[in-house]
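A.B. asks: When the letters of the sequence shown are read in order and numbered with UniProt numbering, they come out as residues 1 to 273.
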Amino acid sequence: MTPPEEIAYSKQSILELQEYLEDNENIIINSDILTTEKIKELLDPWTWLSSDHINAYFSMLNTKYPQIYVFPSYFYTKLTANQEYNYEGVRRWTKRTCIFDKETVFIPINFSDSHWVLAVLRMHQRKIEIWDSLGGQHHKKSINENINQYLRDEYRDKKRCKNVKTKEFEEWPVKVKFRRGKTPQTDANSCGVFICFFARLLAECYEDDEILDILFNHDVIEHYREVMVTELWERCAIAMFEDYKCLYRNISTRINGKSTKLSINGFTNGQQN
1 MTPPEEIAYS KQSILELQEY LEDNENIIIN SDILTTEKIK ELLDPWTWLS
51 SDHINAYFSM LNTKYPQIYV FPSYFYTKLT ANQEYNYEGV RRWTKRTCIF
101 DKETVFIPIN FSDSHWVLAV LRMHQRKIEI WDSLGGQHHK KSINENINQY
151 LRDEYRDKKR CKNVKTKEFE EWPVKVKFRR GKTPQTDANS CGVFICFFAR
201 LLAECYEDDE ILDILFNHDV IEHYREVMVT ELWERCAIAM FEDYKCLYRN
251 ISTRINGKST KLSINGFTNG QQN
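1) Can you pull the DSSP bridge partners for His115?
2) What beta strand (DSSP E) runs, 3 residues minimum, are completely inside the stretch 179-244?
3) Given this structure, state the Cα-to-Cα distance separating Ile109 from Met60, to the nearest angstrom.
4) Between Trp46, Glu234, Val193, Cys205, which lies nearest to Arg225 when the distance is taken from Cα to Cα?
5) Please identify the residue among Leu232, His223, Arg235 whose C-alpha is closest to the C-alpha of Pro45.
6) Using DSSP with H/G/I as helix, E/B as strand and the rest coil, what is Lys102?
7) List the endpoints of the continuous alpha helix (DSSP H) containing Thr35.
8) Just list the residues that DSSP pairs Lys127 with in beta bridges.
9) Of all the options Arg96, Tyr87, Leu49, which has the alpha carbon lying nearest to the alpha carbon of Ser73?
10) Which ranges does the alpha helix (DSSP H) cover as unbroken runs of at least 4 residues, wholly within the stretch 12-95, from first to last along the chain?
11) What number of angstroms, rounded off, separates the C-alpha of Ser190 from the C-alpha of Lys64?
12) Under 8 Å between the Cβ atoms of Ile68 and Lys102?
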């Protein structure tokens, strides 16, 4: 079945990446690095995604969609270190941003290096969703307690936020998005791919029923790894272009004040040709 337009990917971009990796050992997405080996793992349908894959992809989403905020995969681990709630361990992580001024906050959660779920905080609607491709309910209680307590502490600590208007934080309801017996994941390897897919479409403001329609009526996860690689490479190429453009502008200014149009891997002025 032909994939829907929303999750189409560029085979040309993948070929460009393969050519680039013949002479380079990795790609860089903001401060996250994916080695050649990690990229090969990402394209392997039998490989379970690691924190490196998740953090690189979510970092790309964070850059692309200003209305969202994404925590790295180790945020929840740090928040619940040694099975104890620890706000002080993460309090300074948001010193340059206010999550209450965002529309959506994503928290990727890794349980025992065996399963990924995505906590979605709908900041304006004041509710928490657990997008679990296996529909598990057994983590709902702990996620509810830990994230609501985090929001309560963050609410008190970040009174500078424009959306923090009341003195007390009221607990947000938590809902698991899938039920046992009607879950999209049928293997043991693709949970990480699922949370990336969920985050991407939620960041683009797709409604839940639209996401479910794409999910259950198309072979999404079979090729979403290629989608991820394409998006990561294109974001990396844009960043490289901006770096080269800045370098060229500085050199050109020093020499004769002139500049020319640059093109790197099909990108001109930060846009793909």
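Just so you know, even glycine gets a beta-carbon here, dropped at the ideal spot from N, CA and C.
Computed from a predicted model, the values in this text were never measured in an experiment.
C.D. replies: Per the coordinate set shown:
1) Phe111
2) none
3) 18 Å
4) Val193
5) His223
6) coil
7) No alpha helix (DSSP H) holds Thr35; the beta strand (DSSP E) holding it covers 32-35.
8) Arg122
9) Leu49
10) 36-43, 51-64, 74-79
11) 24 Å
12) yes
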